[in-house]
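In the working numbering, the protein residues as written are 68 to 178.
Virtual Cβ for every residue (Gly too), placed ideally from N, Cα, C.
Here the structure is a predicted model, which is why all the values come from computation and not from measurement.
This report refers to the structure that appears directly beneath it.
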Amino acid sequence: MTIRERIEAIAHAMQSEDPTPAEIRGFEVTLAGLLWQANKAVTKAEIDFRVAKLGASTVTKSSAAAKIVAEAGPSFAALLEAQMVQGSVMEMLRTCRSSSRSISEEMRLQR
68 MTIRERIEAI AHAMQSEDPT PAEIRGFEVT LAGLLWQANK AVTKAEIDFR VAKLGASTVT
128 KSSAAAKIVA EAGPSFAALL EAQMVQGSVM EMLRTCRSSS RSISEEMRLQ R
């Protein structure tokens, strides 16, 4: 299961079910682990893109042209994908934390 699929599964559970506080905490732990993986993927994709840009600079006349050539390649697409996954993980973490705070506040007010 990919990171994106795991995020989608958590998002689906948050939307379609009424998760318990324990489930939300479990989602937070899972997402924290996924964030580490997403950060690692972004770092690798950035390195790959910089290598591609360096390679393009040897066949082009300017650095701007090298950047354009590199952005047309698969390494830039991989970088964008990794950044989007990283953003999704962060957004789901914020959502879980917000839900957790909201549930805690509701429980506090019921007492």
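- Per DSSP, K128 lies in no alpha helix (DSSP H) segment and is marked neither H nor E.
- M174 and I74 do not touch by the CB rule: their CB atoms are close to 27 Å apart, not below 8 Å.
- Under the DSSP assignment, R178 falls outside any alpha helix (DSSP H); it carries neither an H nor an E label.
- Here the alpha carbon of R164 sits roughly 38 Å from the alpha carbon of K134.
- C-alpha of A131 to C-alpha of T125: approximately 12 Å in a straight line.
- Taking 4 residues as the minimum length, the alpha helix (DSSP H) runs contained wholly in the region 105-160 are 130-138, in order along the chain.
- Considering only E84, K111, M68, the residue with the shortest C-alpha distance to A149 is K111.
- Rounded to the nearest angstrom, the Cβ distance from A137 to A123 is 5 Å, consistent with a contact under 8 Å.
- Looking at F116, M151, M157, the one whose alpha-carbon comes closest to that of S142 is F116.
- Per DSSP, reduced to three states, the secondary structure at M81 is helical.
- Relative to R161, the option among T69, E95, P88, V118 whose CA is nearest is E95.
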